[in-house]
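Since the structure comes first, as structure tokens, the remarks are kept for the end.
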Amino acid sequence: MTTRVPLLPAAAPPGDAALDSLHAHIDALERTSGVHTIAVAVHDTETGVSFRRHADRWLHAASTIKVAILLGVYASIHRGWLLPHSRLHVRNRFASAVDGYPFRVAADRDADSEVHRSIGKMMRVADLAVHMITTSSNLATNLLLDLVGLETVQRALDDLYVDGIDVRRGVEDERAFEAGINNRVTADGLVQLLRLIAEERAFSPELSREMLGILHAQEFRSGIPARLPAAVRVANKTGDISTVAHDAGVVYPPHRKPYVVAILTEWAPEASGRSATIADISRAIYELLTARPSVGGGGNHG
Amino acid sequence: MGEAYRFPLRVVDGLRLERSLREVLLPGRVLYDDAGHAHTLPRYFYEVPSWEHAMNIQLSQSFALWELIQTDVREAGPLRGFPRYVPCSITMLALCLERFRDAVGTFVHIAANGGYRSPRHAVNTGTTAHSWGTAVNIYRIGDVQLDDREAIERYAALARQTLPGVWTRPFGSARGQTDDQLHLDFGYVVSVPHDAPADSLGFEAERRAS
Chain A
-14 MTTRVPLLPA AAPPGDAALD SLHAHIDALE RTSGVHTIAV AVHDTETGVS FRRHADRWLH
46 AASTIKVAIL LGVYASIHRG WLLPHSRLHV RNRFASAVDG YPFRVAADRD ADSEVHRSIG
106 KMMRVADLAV HMITTSSNLA TNLLLDLVGL ETVQRALDDL YVDGIDVRRG VEDERAFEAG
166 INNRVTADGL VQLLRLIAEE RAFSPELSRE MLGILHAQEF RSGIPARLPA AVRVANKTGD
226 ISTVAHDAGV VYPPHRKPYV VAILTEWAPE ASGRSATIAD ISRAIYELLT ARPSVGGGGN
286 HG
Chain B
6 MGEAYRFPLR VVDGLRLERS LREVLLPGRV LYDDAGHAHT LPRYFYEVPS WEHAMNIQLS
66 QSFALWELIQ TDVREAGPLR GFPRYVPCSI TMLALCLERF RDAVGTFVHI AANGGYRSPR
126 HAVNTGTTAH SWGTAVNIYR IGDVQLDDRE AIERYAALAR QTLPGVWTRP FGSARGQTDD
186 QLHLDFGYVV SVPHDAPADS LGFEAERRAS
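Those sequence lines, one after another, are chains A and B. Sequential numbering from -14 applies to the first sequence in the working numbering. Sequential numbering from 6 applies to the second sequence in the working numbering.
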């Protein structure tokens, strides 16, 4: 009989000093990078450790709200109202949350042109969900939100006891923006939502895995994943408008359970270095959670 | 097509269909438009056995049946599968479209939900000729996307010249107007083909059946 010895010692939960050092690192970034606000929430499913910094502060959600809309779509699938292969007419015409006045999603302001090319035709709900998350298609987002409804999305969040996500409208609704009607999130809210998905507690393990699969296909990788080792998988969703840059995701270091992280930042419109700041914080969190205890003071245990 | 040719779809009496279908097709039911005018929905339908049939049945030289029955997930549940039922006037709609296609000289693209859709389709905001199978929404003609005033009004004018009596929805964003497609509408026409099943139910039986 042989005893299996792990190649590396397990990560130890970070102590108070390590958490304080992460706080200090982010404080320094806030002083030097030109960012107005940095809000962070982390939950490590391996050690149970949490880290929170302004994690209950409400910020404009930008495209991170699309994770909540994804949840609403899968709530509809869970209830039997939709099937993943249900087909939906692609039409670029939506009603403002303010007064119902029609608006369109400008093709040149949308990161995804494929959905625009399907105007007039139909696309499958599951494909629209992929476009909404992986390339952040605004047109796909509004089509899906129009289909399932705001109430369905908010009810799905409420039913799963997710606080800290407030869904009030579709994207590119300028009249709503000017009227101050915006989607809002907290770092805590996004981490709660992503934990449900990562831990397969969102409706069913199968539906959770489908949502997670879509998040894993994310094409925007300049935030949380950017400075992590190549072997680390990340299922994430970014959000950028002129004054905020966010990223939230589930991070899978090799040989351990994942951790869930949301990094929300607020900036002056002309500021640069947003993705780099998020990537820096993400790297610091990764190092904190995956730091391994020294083995016998570095002695020769080979 | 010689004398032996027969149109390949069976005509059915909507009042004799099972209840779940009657509840969404509303055969022979009276609907009221925004002005309060009553219009009687079609009672007779072609039965389309499968999507393959819809793909293969050419209603006119340029228009196949499938183009006029594409509906999305917001169509009533019993009409999302097959067999599917479409008002018999759909053949005349295709002939009118063919004439319009000749006038524009290029491809005419019908939008999803833009041909026949049932009175229970969730996108309906009132009584619409789409539920008679006598209206279409066209989102593209050739390479021209119909999403601005110039394109919509140009082709609407051509439609009115080409198709006597056609109604085109005016350009605009208010209810009853259009700003992202061309709506051609031939009114609340009901077609009863000669091979429609004989009407032997009697009024009271029909009322009960509906």
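Backbone N, C-alpha and C fix where the C-beta goes; we use that ideal spot for every residue, glycine too. Please read all numbers here as calculations on a predicted model, not as lab measurements.
**Item:** Integer-rounded CB distance, given that Thr250 of chain A should sit under 8 Å from Ile263 of chain A
**Value:** 6 Å
**Prompt:** Does any residue of chain B bring its CB to less than 8 Å from the CB of Lys106 of chain A?
**Reply:** yes
**Asked** In the DSSP assignment, what are the bridge partners of Arg38 of chain A?
**Response** A:Val25
**Request:** Measure the C-alpha to C-alpha separation of Thr(-13) of chain A and Arg277 of chain A and round it to an integer number of angstroms.
**Result:** Note that Thr(-13) of chain A has pLDDT 45, beneath the 50 cutoff, so the model's placement of it is unreliable and no number is given.
**Message:** Could you tell me the alpha carbon to alpha carbon distance between Glu204 of chain A and Ile166 of chain A, rounded to whole angstroms?
**Reply:** 29 Å
**Any 3 or more C-beta pairs closer than 8 Å across the segment 9 to 24 of chain A and the segment 236 to 256 of chain A** = yes
**Asked** Would DSSP call Gly198 of chain A helix, strand or coil?
**Response** helix
**Message:** In this structure, how does DSSP classify Leu274 of chain A when only helix, strand and coil are distinguished?
**Reply:** helix
**Request:** Give the single residue among A:Leu200, A:Thr49, A:Thr120, A:Ala91 whose Cα lies nearest to the Cα of Gly174 of chain A.
**Result:** A:Thr49
**Asked** Hey, does Ser25 of chain B have any beta-carbon neighbour from chain A nearer than 8 Å?
**Response** no
**Pair within 8 Å by beta-carbon distance, Ser61 of chain A and Leu67 of chain A** = yes
**Request:** Thinking Asn61 of chain B and His74 of chain A are a contact (beta carbons under 8 Å), I'd like their distance in whole angstroms, please.
**Result:** Asn61 of chain B to His74 of chain A, Cβ: 23 Å. No contact.
**Request:** Kindly indicate if chain A contains any beta-carbon less than 8 Å away from that of His135 of chain B.
**Result:** no
**Minimum Cβ-Cβ distance from Gln166 of chain B to chain A less than 8 Å** = no
**Asked** Mind checking if Ala116 of chain B is an interface residue toward chain A, Cβ cutoff 8 Å exclusive?
**Response** yes
**Message:** Distance check for Leu73 of chain B and Gly82 of chain B, CA to CA, integer angstroms please.
**Reply:** 18 Å
**Message:** Let's test the definition: count the other Cβ atoms within 10 Å of the Cβ of Gln177 of chain A and tell me whether it reaches 16, buried, or not, exposed.
**Reply:** buried
**Request:** Following the continuous alpha helix (DSSP H) through Tyr59 of chain A, name the residue where it begins and the one where it ends.
**Result:** 50 to 63
**Residues that Arg72 of chain A bridges to, as DSSP identifies them** = A:Arg109
**Prompt:** So what does Leu249 of chain A bridge to, in DSSP terms?
**Reply:** A:Ala24, A:His231
**Item:** Interface residues of chain B facing Ser122 of chain A [CB-CB closer than 9 Å]
**Value:** Per Cβ cutoff of 9 Å: no residues; Ser122 of chain A is ~18 Å from chain B at best.
**Message:** Tell me the residue span of the beta strand (DSSP E) that contains Gly224 of chain A.
**Reply:** 218 to 226
**Request:** Below 8 Å on the Cβ atoms is my guess for Leu273 of chain A versus Pro(-1) of chain A; work out the distance and round it to an integer in Å.
**Result:** 5 Å
**Item:** Beta-carbon proximity list for Gly284 of chain A, same chain, < 7 Å, skipping 5 on both sides
**Value:** Note that Gly284 of chain A has pLDDT 37, beneath the 50 cutoff, so the model's placement of it is unreliable and the number below is only indicative. Contacts found: none.
**Message:** List, in chain order, every chain B residue whose beta-carbon is nearer than 7 Å to that of Leu73 of chain A.
**Reply:** Asp77, Val78
**Prompt:** What does Val145 of chain B reach in chain A if we use C-beta pairs closer than 9 Å?
**Reply:** Inspection of the sequence shows that residue 145 of chain B is occupied by Arg rather than by Val. Near Arg145 of chain B (Cβ distances below 9 Å), the residues of chain A are Ile104, Gly105.
**Request:** Taking the CB atoms as reference points, tell me whether Ala161 of chain A and Arg169 of chain A lie closer together than 8 Å.
**Result:** no
**Asked** Any Cβ of chain B within less than 8 Å of the Cβ of Ala233 of chain A?
**Response** no
**Cα-Cα separation between Val195 of chain B and Phe87 of chain B, rounded to whole angstroms** = 23 Å
**Asked** Relative to the C-alpha of Ala162 of chain B, which residue among B:Gly120, B:Val109, B:Val113, B:Ala140 is closest?
**Response** B:Val109
**Of the residues A:Ala9, A:His63, A:Thr17, the one placed nearest Arg37 of chain A, counting alpha carbons only** = A:Ala9
**Asked** Val236 of chain A: which of A:Ser227, A:Pro214, A:Thr228, A:Ala47 sits nearest, CA to CA?
**Response** A:Pro214
**DSSP state of Trp297 of chain A mapped onto helix, strand, coil** = What the structure shows of chain A is the stretch from -14 to 287, and residue 297 of chain A is not part of that stretch, so it cannot be assessed.
**Request:** Pull up the distance between the alpha-carbon of Ile118 of chain A and that of Ala91 of chain A, whole angstroms please.
**Result:** 18 Å
**Prompt:** Quick one: what's His114 of chain B bridged to in DSSP?
**Reply:** B:Arg145
**Residues that DSSP places opposite Thr183 of chain B in a beta bridge** = B:Phe176
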